Amino acid sequence: MPSYKDIELNLLSGTFNKMTGEIKHLIGEVYEKQLLVKESEIKFLQSQMNPHFLFNTLITIGYKARLSKDETVYKMVTAMTELLQAGIYSGGSDMIPIRQELEFIRFYLYIQKERFDDKFEYAIEVEDESILDLRLPKLSIEPLVENAIVHGLEKKVGKGTLTLRIRREDDTIFFEITDNGLGFEGGLMDGDPAPSAAKKKPGHHHIGLNNTNKRIKLIYGDAYGIDIESRMNEGSKVTVRIPADRGGIVLCIKS
Numbered sequence: 006m007p008s009y010k011d012i013e014l015n016l017l018s019g020t021f022n023k024m025t026g027e028i029k030h031l032i033g034e035v036y037e038k039q040l041l042v043k044e045s046e047i048k049f050l051q052s053q054m055n056p057h058f059l060f061n062t063l064i065t066i067g068y069k070a071r072l073s074k075d076e077t078v079y080k081m082v083t084a085m086t087e088l089l090q091a092g093i094y095s096g097g098s099d100m101i102p103i104r105q106e107l108e109f110i111r112f113y114l115y116i117q118k119e120r121f122d123d124k125f126e127y128a129i130e131v132e133d134e135s136i137l138d139l140r141l142p143k144l145s146i147e148p149l150v151e152n153a154i155v156h157g158l159e160k161k162v163g164k165g166t167l168t169l170r171i172r173r174e175d176d177t178i179f180f181e182i183t184d185n186g187l188g189f190e191g192g193l194m195d196g197d198p199a200p201s202a203a204k205k206k207p208g209h210h211h212i213g214l215n216n217t218n219k220r221i222k223l224i225y226g227d228a229y230g231i232d233i234e235s236r237m238n239e240g241s242k243v244t245v246r247i248p249a250d251r252g253g254i255v256l257c258i259k260s
C-alpha cells in the first residue's frame, strides 16, 4: 500500500504491508515443506523398489535352484533373503528376542561356511536357554560376528575358529565373540584407524564395533557397551554387555 499523510492510515498501511510480507513468507515456507515432503516420499518409494526387486530376484533364483534339486543354493538364497529382510525392514519394534538374533547369526554363518567350506569352524554356546527370551536391539550382535569373519578369519592362513558365548551374570547379559584370526593393534572404539587389512578392502571397515557400541550406550547408558581384547596374529575377543532386567530393555534418558 502507498504511504499517506494521515498517521493512522500510514500505520494501517505499514501493518498491511508487513502482514502481506509475512503471508508471502509463510506461503513460501509451506510450499517448500510440501516439496520436501513430496521429495522424501519419492525417495522412500525409490528406496523400496530396489529391495523388492532384489528379494523377488532371490526368490526366483531359490525357486529355480529347488526345481533343479540344488538344495545348497536354495538354502544359501533363503538365508541371504532373511538377512536382507532383517536389515532393511524394521517390522515394528527394534527390540527382538535374543533367539531371533541368533537365527540371523546362523543364517550368516551358514552362508560363510558354504562360501569358505572348511576354512573355519564355529560354535554357539548358551549358558541358560531362558536367556533367549530376553530382548535386545535388533542386529546388534550379528554385525560383530560378521566383523570377526571378514577381518579376523577370512585372510587367516590355516583353520579358523569362532565362538559366540551368551551368559548371564547377576543383572547383566554378556555376548562374547572369540576368534583366532588376524587380530589388530589398538582399540577401534574411539575412532582409531582400522587395521591395514581392512583399509585395503573399501567398504569393509570396523564400523560394526563403533556403531553397536554407540547404539547400546544410547539405549542403556554408559555402563553398558563393548569391550575388546585383541592381539595381532593371535585373535580377538569382543564382549557386549546389556542389562538383563526388564527383558533387556532399559530406557536411558539423559537430561
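Heads up: the sequence shown runs through residues 6 to 260, numbered per this note's numbering. The C-beta atom is built at its ideal place from N, Cα and C for all residues, glycine as well. Here the structure is a predicted model, which means the values were calculated and not measured.
What whole-angstrom Cβ distance do residue 169 and residue 221 have, given they're in contact under 8 Å? Between residue 221 and residue 169 the Cβ distance is about 17 Å, and since that is not below 8 Å, they are no contact.
If you count every other CB in all the chains shown that lies within 10 Å of the CB of residue 207, and 16 or more means buried, which is it? Any answer about residue 207 is weak, because its pLDDT of 40 lies below 50 and its placement is not dependable; what the coordinates show is given next. Residue 207 is classed as exposed because its beta carbon has fewer than 16 other beta carbons within 10 Å across all chains shown.
In terms of DSSP beta bridges, what is residue 5 paired with? No answer is possible for residue 5: the residues shown for the chain start at 6 and end at 260.
Residue 184 burial status per 10 Å Cβ neighbour count (16 or more: buried): It counts as buried.
Apart from the five residues just before and just after residue 250, which ones in its own chain have a Cβ nearer than 6 Å to its Cβ? The residues are 176.
Looking only at its chain, what residues have a beta carbon closer than 6 Å to the beta carbon of residue 190, apart from the 5 residues adjacent to it on each side? Excluding residues within five positions, the ones whose Cβ falls inside 6 Å are 237.
Residues bridged to residue 141 by DSSP? Under the DSSP definition of a beta bridge, residue 141 partners with 101.
Extent of the continuous alpha helix (DSSP H) run through residue 150: Annotation: the continuous alpha helix (DSSP H) that includes residue 150 extends over 147-152.
To the nearest angstrom, how far is the alpha carbon of residue 127 from that of residue 65? If I take the Cα positions, the gap works out to 30 Å.
Could you tell me whether the region 101-108 touches the region 141-148, using the rule of 3 or more Cβ pairs below 8 Å? By the criterion of at least three beta-carbon pairs nearer than 8 Å, the region 101-108 is in contact with the region 141-148.
Identity of the residue in 115, 73, 69 and 124 nearest residue 87 by Cα: Of the candidates 115, 73, 69 and 124, the one whose C-alpha sits nearest the C-alpha of residue 87 is 115.
Please confirm whether residue 261 and residue 239 have their CB atoms less than 7 Å apart. Lying before the first or after the last residue shown, residue 261 is absent from the chain, which here runs from 6 to 260.
For residue 246, which residues of its own chain have a beta-carbon under 7 Å away from its beta-carbon, when the five flanking residues on both sides are left out? Excluding residues up to 5 positions away in sequence, 177, 179, 229 and 230 lie with their Cβ nearer than 7 Å to the Cβ of residue 246 in the same chain.
Indicate whether residue 153 and residue 182 have their beta-carbon atoms separated by less than 7 Å. It is a contact, given that the beta carbons lie within the stated cut-off.
Boundaries of the beta strand (DSSP E) in which residue 230 is found, first to last residue: If you look at residue 230, you'll find it in the beta strand (DSSP E) that goes 230-236.
Could you give the DSSP three-state label for residue 240: helix, strand or coil? Correct three-state label for residue 240: strand.
Out of 156, 107 and 18, which one is the CA nearest neighbour of residue 134? The shortest C-alpha separation from residue 134 is found at 107.
Please state if the CB of residue 224 and the CB of residue 171 are separated by a distance shorter than 7 Å. Contact flag unset, no.
According to DSSP, which residues form a beta bridge with residue 65? According to DSSP, which records beta bridges pairwise, residue 65 is partnered with nothing at all.
Look at the Cβ atom of residue 243, then the Cβ atom of residue 167, and state whether they are nearer than 7 Å. Cβ atoms of residue 243 and residue 167: not closer than 7 Å.
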